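K.L.:
In this note's numbering, the protein residues as written are 7 to 444.
1. Measure the C-alpha to C-alpha separation of residue 252 and residue 387 and round it to an integer number of angstroms.
2. What does residue 395 pair with, by DSSP beta-bridge criteria?
3. Is the segment 202 to 220 touching the segment 17 to 29 in the sense that three or more CB pairs, one from each, lie closer than 8 Å?
4. Measuring alpha carbon to alpha carbon, tell me which residue in 198, 180 and 109 is nearest residue 144.
5. According to DSSP, which residues form a beta bridge with residue 286?
6. Identify whether residue 202 lies in helix, strand or coil by the three-state DSSP scheme.
7. Could you tell me whether the Cβ atoms of residue 287 and residue 200 are closer together than 8 Å?
8. Can you look up residue 9 in the DSSP assignment and give me helix, strand or coil?
9. Using only the alpha-carbon positions, how far apart do residue 372 and residue 392 sit?
10. Do residue 357 and residue 290 have their C-beta atoms closer together than 8 Å?
11. List the whole-angstrom C-beta distance separating residue 417 from residue 293, where the pair is believed to meet the contact cut-off of C-beta under 8 Å.
12. Who are the Cβ neighbours of residue 329 in its own chain at under 8 Å, not counting the five residues just before and after it?
13. Would you mind working out which of 298, 100 and 410 sits nearest residue 445, comparing C-alpha positions?
14. Quick one, which of 64, 42 and 189 has its alpha-carbon nearest residue 390's?
15. Note the first and the last residue of the continuous beta strand (DSSP E) segment covering residue 63.
16. If distances are taken between C-alpha atoms only, which option among 403, 57, 309 and 28 comes closest to residue 90?
17. Which term fits residue 117, buried or exposed, when burial requires 16 or more other beta carbons within 10 angstroms of its beta carbon?
18. Between the alpha carbons of residue 280 and residue 96, how many angstroms are there, rounded?
19. Using a 10 Å radius around the Cβ and a threshold of 16 neighbouring Cβ atoms, would you call residue 73 buried or exposed?
20. Where does the unbroken alpha helix (DSSP H) through residue 31 begin, and where does it stop?
21. Could you pull the DSSP bridge partners for residue 416 from this structure?
22. Report the CB separation of residue 109 from residue 150 in whole angstroms; it is logged as a contact under 8 Å.
23. Excluding five sequence neighbours on each side, which residues of the same chain lie with their C-beta closer than 7 Å to the C-beta of residue 7?
24. Indicate whether the contact test is met: 3 or more Cβ pairs, each with one atom in the segment 50 to 70 and one in the segment 166 to 182, closer than 8 Å.
25. Counting only the same chain and skipping the five closest in sequence on each side, list residues whose C-beta sits under 6 Å from that of residue 315.
26. Could you pull out every unbroken alpha helix (DSSP H) segment of at least 4 residues lying fully inside the segment 102 to 127, listed in chain order?
27. May I ask you to list the residues that DSSP assigns as paired with residue 66?
28. In chain order, what residues of the same chain lie with their CB nearer than 7 Å to the CB of residue 463, ignoring the 5 residues before and after it?
29. Between residue 169 and the ligand FAD, is there a pair consisting of the residue's CB and a ligand heavy atom that are separated by less than 7 Å?
30. Closest by CA to residue 369, which one among 401, 204 and 182?
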């Protein structure tokens, strides 16, 4: 799977070959080396930070440092300190490890506890020697992914260095987000394979392989997905969500059933199923929402009204993606899309987000599902090139075959924005999964 495209995804795709753990580690380490060599200097110079200091302790990892460690390191060790220094144009960025254990071949080991027992004093010495103009630290009141420096570590850092150097601290918020959100070409050669794997697992679960109408519950399907993910040697970053809509049942009444003691519903013929699903593979994440229809006796296809509802959601995807451009803020993108969707006469809510190292990834929010107007500050960050996206939204549609019942069609597909065009990584759902398969 090496294509990007806007066409519908392949029906019932097969799960691609999953690399063994050693192969995965070798590939991820190769990507990390490339990112540190080529991407990091460009981002530091773009953001005007000539020293970036990343400090994390074991079991209290900075979200950024987790992405800078080799595959054989599952977490920070003791206190892991990475220092990146840009000496200036035409010179290589120094990559320094001020730690007892240097994390991999990409970093120069620069602290010997036998020579200098105080790690903080060694950090101060290295900073003084390089005399940076701006020292970026991972502190942010807006983005948790850029707020990885704990309060106690910050206090110890300030206490260790000269007061004049402490005045040079600046938030590395934009640099941290840029590192996390930017995908390199080598990653993008493989990301479609990861999305293909997610699509294939979703299709398996939304079939007679996992569902027996009248017997299987929504909770059964969610745990089936968890077991299947583990069986394949993959991970997930959230528990799958499985719900349903049913003719004659309002969305509110269905929610009320879930809110009571009966937290799982038996899947019946005629139900419209919804799955929210994501996997983690090779350090990258997917986030996908699909629908399936459970055929009644004698049916060979879903009611036209349900198919029309899915098409309505696809139209909203098209509208939103047509408005992507480099530099537009998440808020402006959301507002423009909402205006265009309303002009098209579609009742929809848009709440898309970046994806990559994290499921809810670094980058601007384009609305939020629970409150489109909540936390507008997270939407002020601009859309950047070479970023991956979860195109997430819902559209309401009245279904004639269900007495014009208003049904919410929730769609989510992963895409890539190269700075000029945004395209789905492995197509998108344009036809309902049918149970049983036809």
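Ideal placement from N, C-alpha and C gives every residue a C-beta, glycine not left out.
As the structure is a computational prediction, the values presented were derived from the model and not from experiment.
P.N.:
Taking the geometry as given:
1. 39 Å
2. 360 and 421
3. yes
4. 180
5. 241 and 291
6. helix
7. yes
8. Here the model assigns residue 9 a pLDDT of 49, short of 50, so the residue's position is not dependable and the matter cannot be decided.
9. 17 Å
10. no
11. So it is not a contact: roughly 11 Å between Cβ atoms.
12. 339, 342, 343 and 346
13. Look at the range of the chain in this structure, 7 to 444, and you will see that residue 445 is not part of it.
14. 189
15. 57 to 63
16. 57
17. buried
18. 53 Å
19. buried
20. 27 to 40
21. 400
22. About 23 Å separates the two Cβ atoms, so there is no contact after all.
23. Low confidence applies to residue 7: its pLDDT is 43, below 50, so where it sits in the model is not reliable, and the reading given next is rough at best. Contacts found: 22, 198, 199, 202 and 432.
24. yes
25. 403, 413 and 415
26. none
27. 63
28. An answer regarding residue 463 cannot be provided, because it is not within the stretch 7 to 444 covered by the chain.
29. What this structure holds is no ligand at all, so the ligand FAD is not there to describe.
30. 182
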